[in-house]
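Counting in our numbering, the sequence shown runs from 73 upward without gaps. All residues carry an ideal CB built from backbone N, CA and C; glycine is no exception.
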Amino acid sequence: MGLDNIPQEYPCKARGVAVFVPELDAEGATKLHADGTQKLVMSCTATKEAGVCPYLNSPDLPENGAVHGMFGTDCWYRGKWGVHLLEHLGVSDYSMYGGDNDSLGADDCELFANTIEDTLNEWLTEHDNTFIIDGEELTDDVRYLIWWLRFIAREADGFTTWY
């Protein structure tokens, strides 16, 4: 089973900068509403091309450690990888599967990030500043998860899950 964590509201939509494009059918024709107006869909690609993606424009976006959702956009997180990291780190207070209704609100995302950060710092102090799983140094992956939770709390009111 897969697990992706999705912003409760896409940050670009929340900021009012999302770019919408006509929705196309299988033949490439624009889909229409009953009243004849075009159906529009949010386009991550067009939003990025316009240079207004809050995720990509975040000044503190980490250079390393990002793991994106399998079928989503850049601002999705591959929750299955997060579960793997947290199991090895020993964090069990929160879950990448969310809480009630398979989601986690902004305040809980902040608390989750703080819990992970505190646990990681303790781990690094006790293990020569390394977090290694199966021979691979993954400290940046955990730091990215911490950043992502704070970003999603700040920009998207938390996350929901897809699995």
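Flag this pair as yes or no: are the beta carbons of residue i and residue j separated by less than 8 angstroms?
i, j, result
"G108", "S175", "no"
"D97", "G144", "no"
"A228", "E81", "yes"
"H160", "I205", "yes"
"T232", "G170", "yes"
"G137", "R215", "yes"
"Q110", "T117", "no"
"D132", "H140", "no"
"G154", "M168", "yes"
Kindly say whether residue i, judged by its beta-carbon, lies nearer than 8 angstroms to any beta-carbon of chain D.
i, result
"C84", "The displayed structure is made up of one protein chain only, and chain D is not part of it."
Take the Cβ of residue i as the centre, count every other Cβ of all protein chains shown within 10 Å, and call the residue buried at 16 or more, exposed below.
i, result
"D213", "buried"
"L104", "exposed"
"A225", "buried"
"A122", "exposed"
"P79", "buried"
Can you give me the start and stop residues for the alpha helix (DSSP H) that residue i sits inside?
i, result
"L192", "178 to 198"
"P131", "Note, P131: premise wrong, no alpha helix (DSSP H); not H, not E."
"A98", "Taken as a continuous stretch (DSSP letters only), A98 belongs to no alpha helix (DSSP H), as it is neither H nor E."
"L104", "Note, L104: premise wrong, no alpha helix (DSSP H); not H, not E."
"P83", "83 to 87"
Just to confirm the assignment, what range does the beta strand (DSSP E) spanning residue i have?
i, result
"L112", "112 to 114"
"V93", "92 to 94"
"F223", "First-last for F223: 211 to 228, but that is the alpha helix (DSSP H), not the beta strand (DSSP E)."
"P79", "76 to 79"
Within a Cβ cutoff of 7 angstroms, which residues of the same chain sit near residue i, ignoring the five residues on either side of it in sequence?
i, result
"K120", "L128"
"C84", "A90, T119, V124, C125, P126"
"N173", "none"
Grab me the residues of residue i's own chain with a C-beta within less than 6 angstroms of its C-beta, minus the 5 sequence neighbours each way, in chain order.
i, result
"N220", "What sits at residue 220 in the sequence shown is Trp, not Asn. The answer, listed in chain order, is Y149."
"A185", "I218, L221, R222"
"M114", "A90, F92"
Keeping to the same chain, check which residues put their C-beta closer than 8 angstroms to that of residue i; ignore five residues upstream and five downstream.
i, result
"L192", "L161, F203, T211, V214, R215, I218"
Touch test, the stretch 156 to 176 against the stretch 88 to 95, Cβ-Cβ under 8 angstroms, three pairs minimum
no
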